[in-house]
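Here is the structure we will look at, set down as structure tokens.
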Amino acid sequence: KGQAVAVAASGGKDSTVLAHLLARLNLQEGLGLRLALLGVDEGIWGYRDEALEVLRGVGAALPLPLLLVSHRELFGWAVDELGGALGGRSRCTVCGVFRRQALERAAREMGADWIATGHNADDVAETVLMNFLRGDVARLRRAANEASGATGVTPRATKGATNEALGAT
13 KGQAVAVAAS GGKDSTVLAH LLARLNLQEG LGLRLALLGV DEGIWGYRDE ALEVLRGVGA
73 ALPLPLLLVS HRELFGWAVD ELGGALGGRS RCTVCGVFRR QALERAAREM GADWIATGHN
133 ADDVAETVLM NFLRGDVARL RRAANEASGA TGVTPRATKG ATNEALGAT
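Residue numbering for the sequence shown follows our numbering, starting at 13 and increasing by one per position.
Quick look at the structure:
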């Protein structure tokens with residue numbers, strides 16, 4: 013009760029379903045959660061515009077407060093502007109890292125205790141396959157540990173919670 017949860021929301025089906033389920037469970041079960049949607053604009057032309065409009069509609073329909081943050085306001089640049097600074101690497105190599113950082117910073121600023129994400133089994137399988145094909149053993153090991161509960165946890169606290177409080181070993 014009283015916990016603040018930032019629902020990382022893209023406007024896509026996974027995060028929209030998560031937001032609907034959390035809002036419904038919160039109401040029906042009297043969980044007392046303070047829910048808010050949190051969206052990130054990476055600054056990729058034509059990539060997020062339509063989804064952010066959908067997200068505004070989701071926020072109005074549930075109704076849940078919506079905080080939209082951008083890479084420009086948080087980091088001083090948009091992904092589209094990186095160009096040559098990436099040294100030939102794809103924008104995708106930095107986008108996910110900075111999106112997570114943006115979510116964590118914005119969630120902290122809005123006073124969230126938790127960040128909820130709408131990842132599904134397909135997302136996890138895709139990540140494992142990509143890491144396997146790249147030969148990224150460290151990431152494969154980390155994913156296996158998270159799946160088995162050996163170390164770390166999937167839920168991410170934003171206020172310096174200890175492993176014990178999160179149920180990690």
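We put the CB at the ideal spot given by N, CA and C, even for glycine.
Quick check: the Cα distance between residue i and residue j, rounded to an integer number of angstroms?
{"i": "Ala31", "j": "Leu94", "result": "32 angstroms"}
{"i": "Pro77", "j": "Val17", "result": "11 angstroms"}
{"i": "Leu80", "j": "Arg151", "result": "29 angstroms"}
{"i": "Ala48", "j": "Leu141", "result": "32 angstroms"}
{"i": "Arg153", "j": "Leu115", "result": "24 angstroms"}
{"i": "Val149", "j": "Leu33", "result": "35 angstroms"}
{"i": "Pro75", "j": "Leu145", "result": "42 angstroms"}
{"i": "Phe110", "j": "Leu86", "result": "10 angstroms"}
{"i": "Leu178", "j": "Ala124", "result": "No answer about Leu178 holds up, because its pLDDT of 41 lies below 50 and its placement is not dependable."}
{"i": "Thr166", "j": "Arg36", "result": "Note that Thr166 scores 46 on pLDDT, short of 50, meaning its location in the model is unreliable; the coordinates nonetheless yield the value given after this. Distance between the alpha carbons of Thr166 and Arg36 is about 23 angstroms."}
{"i": "Val106", "j": "Arg112", "result": "10 angstroms"}
{"i": "Ala137", "j": "Asp26", "result": "15 angstroms"}
{"i": "Ala119", "j": "Gly147", "result": "33 angstroms"}
{"i": "Asp135", "j": "Asn143", "result": "12 angstroms"}
{"i": "Val41", "j": "Thr139", "result": "Contrary to the premise, residue 41 reads as Glu rather than Val in this sequence. Cα to Cα, the separation comes out at about 34 angstroms."}
{"i": "Val52", "j": "Trp89", "result": "13 angstroms"}
{"i": "Asn38", "j": "Ala133", "result": "24 angstroms"}
{"i": "Cys104", "j": "Val66", "result": "23 angstroms"}
Output yes or no for whether 8 angstroms exceeds the beta carbon distance between residue i and residue j.
{"i": "Glu121", "j": "His83", "result": "no"}
{"i": "Val91", "j": "Ile56", "result": "yes"}
{"i": "Val70", "j": "Thr28", "result": "yes"}
{"i": "Ser22", "j": "Ala73", "result": "no"}
Measure from the alpha carbon of residue i to the alpha carbon of each residue in the options, then state which is nearest.
{"i": "His131", "options": "Gly14, Val19, Lys13, Gln15", "result": "Val19"}
{"i": "Arg117", "options": "Ser27, Arg46, Leu50, Lys25", "result": "Leu50"}
{"i": "Gly24", "options": "Ala35, Arg60, Lys13", "result": "Arg60"}
{"i": "Leu43", "options": "Gly58, Asp26, Ser22, Gln15", "result": "Gln15"}
{"i": "Leu45", "options": "Trp89, Lys13, Cys107, Glu65", "result": "Lys13"}
Among all the DSSP beta bridges, which residues are the ones paired with residue i?
{"i": "Ser82", "result": "Asp53"}
{"i": "Ala16", "result": "Arg46"}
- Item | Those runs of the beta strand (DSSP E) which lie wholly inside the region 96-146 and span at least 3 residues | If you keep only unbroken beta strand (DSSP E) runs of at least 3 residues inside the region 96-146, you get 126-128.
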